[in-house]
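A.B. asks:
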Amino acid sequence: MTPKSIERKVALITGANKGIGFEIARQLGRKGMTVLLGARDEGRGQEAVEKLRADGVDARSIQVDVTSQETIDRAARRIEKEFGRLDVLVNNAGIFVDDAPPSELDMKMLRRTYETNLFGPVAVTQAMLPLLRRSLAGRIVNMSSGLGSLTQTSDPGWVSSHLNLLAYNSSKTALNAATVEFAKELRGTLIKVNSADPGYTATDMNHYRGTRSVEQGARVVVRLATLPDDGPTGGFFDEDGALPW
Ligand SMILES: NC(=O)c1ccc[n+]([C@@H]2O[C@H](COP(=O)([O-])OP(=O)(O)OC[C@H]3O[C@@H](n4cnc5c(N)ncnc54)[C@H](OP(=O)(O)O)[C@@H]3O)[C@@H](O)[C@H]2O)c1
Numbered sequence: 005m006t007p008k009s010i011e012r013k014v015a016l017i018t019g020a021n022k023g024i025g026f027e028i029a030r031q032l033g034r035k036g037m038t039v040l041l042g043a044r045d046e047g048r049g050q051e052a053v054e055k056l057r058a059d060g061v062d063a064r065s066i067q068v069d070v071t072s073q074e075t076i077d078r079a080a081r082r083i084e085k086e087f088g089r090l091d092v093l094v095n096n097a098g099i100f101v102d103d104a105p106p107s108e109l110d111m112k113m114l115r116r117t118y119e120t121n122l123f124g125p126v127a128v129t130q131a132m133l134p135l136l137r138r139s140l141a142g143r144i145v146n147m148s149s150g151l152g153s154l155t156q157t158s159d160p161g162w163v164s165s166h167l168n169l170l171a172y173n174s175s176k177t178a179l180n181a182a183t184v185e186f187a188k189e190l191r192g193t194l195i196k197v198n199s200a201d202p203g204y205t206a207t208d209m210n211h212y213r214g215t216r217s218v219e220q221g222a223r224v225v226v227r228l229a230t231l232p233d234d235g236p237t238g239g240f241f242d243e244d245g246a247l248p249w
């Protein structure tokens, strides 16, 4: 019989078939967690899982398109059946599709961005919460961005304030608001909810122009996903500490 305390923790990371999400899965897996790699495309998810297994990580692929309630609900049912609980949820999947200034941005782009970057994480969180409530240390990390900080983007002196991206930036601001509201609802439970900024990280999203490696980008997320019981909730952090909203 395996005592509960030495059972592997179970983590779900959305959009984990590549980029920072894949690296988060690798780092959590190396810490001994069973990692469920969420991917909207099953083939891409399976390929990623095989790479991590070759690295000795207990990785499984799970189909989750964060814009499809059906795949989200199916994933929750599967996790319930196979593990009976979830310890870590990283809402990592995100898109960046701004191609015009705010005055000219096609409303379709704004809606598409919100579907993936805001409604997706909220829907996944709602579906996974019953499973997270069964964990002895539930942790939710929402993948935000420094571009979601109104304090930073409205400061002309901030290094990236020239990036006038109505859809992307405001979707991450709204995701930060969701972090605050979920954290308030879950205060008094064993679940902590925080937002993370990985910094400007070289991935497909920015055609590898980012100045940080995925190893560096994943670090703050892994820290928030493994916070001790007296750690913070309802906050926004990068690798160096708390960020302004
Ligand atoms: N890179 C940076 O500098 C940076 C900075 C701040 C914040 N972030 C945030 O970090 C997160 C990861 O970004 P990244 O840089 O690693 O980008 P990436 O390499 O483009 O990875 C994005 C991931 O999200 C997945 N995804 C997109 N739409 C999805 C959907 N509807 N359902 C499920 N998965 C979906 C993608 O899947 P497919 O392969 O199927 O497209 C991919 O796995 C994003 O939330 C991003 O906003 C990135």
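Count the sequence shown with the working numbering and you get residues 5 to 249, in order. Where a beta carbon is used, it is the ideal one built from N, C-alpha and C, also for glycine. Please read all numbers here as calculations on a predicted model, not as lab measurements.
1) What are the partner residues of S165, as DSSP defines its beta bridges?
2) Measure how close the beta-carbons of S148 and D201 come, nearest whole angstrom, since I'm counting them as under 8 Å.
3) Is DSSP giving G221 helix, strand or coil here?
4) Specify the secondary structure class of A20 as computed by DSSP and reduced to three states.
5) Name, in chain order, the residues that DSSP records as bridge partners for P147.
6) Looking at C-alpha atoms only, which residue of F186, K188, Y204 is the closest neighbour of R223?
7) What's the C-alpha gap between A182 and L56?
8) Would you mind giving the Cβ-Cβ distance between M132 and L90, rounded to the nearest angstrom? I have them listed as a contact below 8 Å.
9) Could you give the distance in angstroms between the alpha-carbon of S9 and the alpha-carbon of S72?
10) Could you give the DSSP three-state label for S65: helix, strand or coil?
11) Would you call L140 buried or exposed, if buried means 16 or more other Cβ atoms sit within 10 Å of its Cβ?
C.D. replies: On the basis of the supplied data:
1) According to the DSSP secondary-structure assignment, S165 is paired through a beta bridge with no residue.
2) Right, the Cβ-Cβ distance comes to about 6 Å (below 8 Å), so this counts as a contact.
3) The answer is helix: DSSP assigns G221 an H, G or I state.
4) Coil at A20, not helix or strand.
5) Note that residue 147 is Met in the sequence shown, not Pro. DSSP, once it has assigned bridges, lists A200 as partnering M147.
6) The candidate whose alpha carbon is nearest that of R223 is Y204.
7) Rounded to the nearest whole angstrom, the C-alpha separation of A182 and L56 is 31 Å.
8) The C-beta distance from M132 to L90 rounds to 5 Å, short enough to meet the 8 Å contact threshold.
9) Legend: pLDDT at S9 = 49, less than 50; position of this residue unreliable, value from coordinates given subsequently. Looking at the backbone, the Cα of S9 and that of S72 are separated by about 34 Å.
10) Three-state result, S65: strand.
11) Its Cβ having fewer than 16 others within 10 Å, L140 is exposed.
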